[in-house]
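Novice: Below you'll find the structure I mean.
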Amino acid sequence: MRNRSGNEGKEGEIPDSANMWNILAGVCIYYPLSIGLTFFQKWFIKSYEFPLLVVTCHYAIKYFFAMIIRFVMEYRADKRTRISFKDQLQWLVPIGICASLDIGLSNWGLKYVTVSFFTMAKSSSILFMVTFALLLHLERWRPVLIISAGLITFGLFLFTWRSAQFELRGLLLIELAAACTGLRWTVSQIIMQGEEKLLKHPLDMVAYVQPWMFLAILPLFFMYEGSQLSFDKVTYYRNEHAPFYVLFFISFGGLLAFAMEMAEYLLLVYTSGITLNIFGIIKEVVTLSLAHFVNGDYFSLVNTIGLLLCFSGMLLHAFSKRTLLKARTKPRMPDRRRLLTDVDA
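Those letters in the sequence shown? Residues 1 to 345, by the UniProt record's numbering.
See the structure below:
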C-alpha cells in the first residue's frame, strides 16, 4: 500500500448527508448490539466455565454468516472483493492476532481486577490508538489530539474511580490488551480507507479477518481450557446437562457479535479508528451511568469531575475535527502577487 494516509483526502471532505446518515445508522445499530452483547455475555459466562470456547465459537459463527451472505451476494451477480494471500499476511494477520489477544488478555485480566478497574485501565486504548495513528501517518501531529485523548482517558479514570484494589498483574494484562486494541483498529483503518482500499466493505473485512482471529486464539484456548474439555463439561450449564441451551446461547451470542462487528467496520469506513474508539467510550460511560442509576450507586464528586472531563475531551476532539475539515475544504484565495505578475505580462 503506497499511501498509508490515503484517508486524509476522504476525511478532508465535509461529510455529505448520505455519509452522515450512514454514520448515524451505524451508531444506532452499534450501541444496542454492543451493550446487549456485553450484558448477555456477562450473564451467560457467569454460569458457564469456558469463556474462551465461547469466543472461539463466535469467530466460527461470524465467519459462517459472512461467507453465506457473500455467497448469496455473488450468486446475485454482485462480485465480492478478493485479496491475495500475501496481502492477508501483511495486513490481516496483525488484525487477527491483535483482536484475539485483546479479547483473550481482557478476559484473563478480569480474573484479577474488578470491572471498574478494568474500565479505568482499558481507557488507555485511545492513547495507544493516537500513537499508532501518528506513527503510521493516519493523523498529523496536533497538540489538540493529545490533549483530547488525555482528557478522555483521565476523565474515564476518575469517572470509574472507586475503592477498587490495585493489582499489578491484572493491570499489565489489560494494558497489553489496550495496546492490541489500538493497533488493531489503526491497521483496519489503513485497509479500509487507504489509497488502495484493499477491503472497503464491512462484510469482506469480517469474512477475511475471522480465520486469522480463530487461529490466533486457539493457542490461548488450548492453554487455559483445553485440559478441561469433555462433552459433559462443555454441555454443562447451571448445574445440569443442557447441550441445547449451551448451543442456543453460544449461537445467539455469535449472531450478536457478527452484527456488532459489521456495525463497527461500517463506522470505520466513514470515520476513523480514534472516533470509533470514542464511540466505544461513550458506550462505556452510558453503561456505567445506567448502572449507577439502576443500582442506586452513589456518584462522588470525583466521579462527576471525571465525567465532565471525559465529555470535554470528546467535545474538543469533535470541534477540532470539524475545524480541520472546514480548513481543508475552504477555497484558497488567489495569490495577489501572482495576479499582478499575470496582468503585467
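Where a beta carbon is used, it is the ideal one built from N, C-alpha and C, also for glycine.
For Trp91 and Met73, what's the separation of their Cα atoms in angstroms?
Specialist: 25 Å
Novice: Mind checking which residues open and close the alpha helix (DSSP H) that includes Ser100?
Specialist: Val93 to Gly109
Novice: Which residue comes first and which comes last in the alpha helix (DSSP H) that contains Val269?
Specialist: Pro243 to Tyr270
Novice: Looking at Gly273 and Thr186, is the spacing between their C-beta atoms short of 7 Å?
Specialist: yes
Novice: Throw me the rounded Cβ distance for the Met67 and Ala207 pair, which I believe falls under 8 Å.
Specialist: Between Met67 and Ala207, the beta carbon gap of about 6 Å places them in contact (Cβ cut-off 8 Å).
Novice: Below 8 Å, how does it come out for the region 122 to 135 and the region 175 to 194: are there three or more Cβ pairs, yes or no?
Specialist: yes
Novice: Compute the Euclidean distance between the alpha carbons of Leu156 and Gly104, then round it to the nearest angstrom.
Specialist: 23 Å
Novice: Using the Cα positions of Asn239 and Lys283, report the straight-line distance between them to the nearest angstrom.
Specialist: 34 Å
Novice: Starting from the C-beta of Arg169, find all residues in its chain whose C-beta is less than 6 Å away, skip the five residues before and the five after it, and write them out in chain order.
Specialist: Tyr112
Novice: Straight-line CA distance for Leu171 to Ile29?
Specialist: Each residue's alpha carbon lies about 31 Å from the other.
Novice: Which partner residues of Tyr236 appear in the DSSP bridge assignment?
Specialist: Answer by DSSP bridge pairing, in chain order: His241.
Novice: How many Å lie between Leu135 and Phe248 at the Cα?
Specialist: 43 Å
Novice: Which ranges does the alpha helix (DSSP H) cover as unbroken runs of at least 4 residues, wholly within the region 135 to 208, from first to last along the chain?
Specialist: 143 to 159 and 168 to 193
Novice: For the region 138 to 146 and the region 78 to 96, state whether three or more C-beta atom pairs, one from each stretch, are separated by less than 8 Å.
Specialist: no
Novice: Indicate whether the contact test is met: 3 or more Cβ pairs, each with one atom in the region 53 to 70 and one in the region 311 to 321, closer than 8 Å.
Specialist: No: fewer than three Cβ pairs fall under 8 Å.
Novice: From the DSSP output, in three-state form, read off Tyr112 for me.
Specialist: Tyr112 falls in the coil class under three-state DSSP.
Novice: Under DSSP, the alpha helix (DSSP H) around Ala60 begins and ends at which residues?
Specialist: Taken as a continuous stretch (DSSP letters only), the alpha helix (DSSP H) holding Ala60 covers Pro51 to Tyr75.
Novice: Who are the near neighbours of Ser106 in its chain, counting only those whose CB is closer than 6 Å to its CB and skipping five residues on each side?
Specialist: Contacts found: Ala177.
Novice: According to DSSP, simplified to helix, strand and coil, what is residue 349?
Specialist: Because the chain in this structure spans residues 1 to 345, residue 349 falls outside the shown range and cannot be described.
Novice: Whole-angstrom Cβ separation of Asn303 and Leu158, contact assumed at under 8 Å?
Specialist: 7 Å
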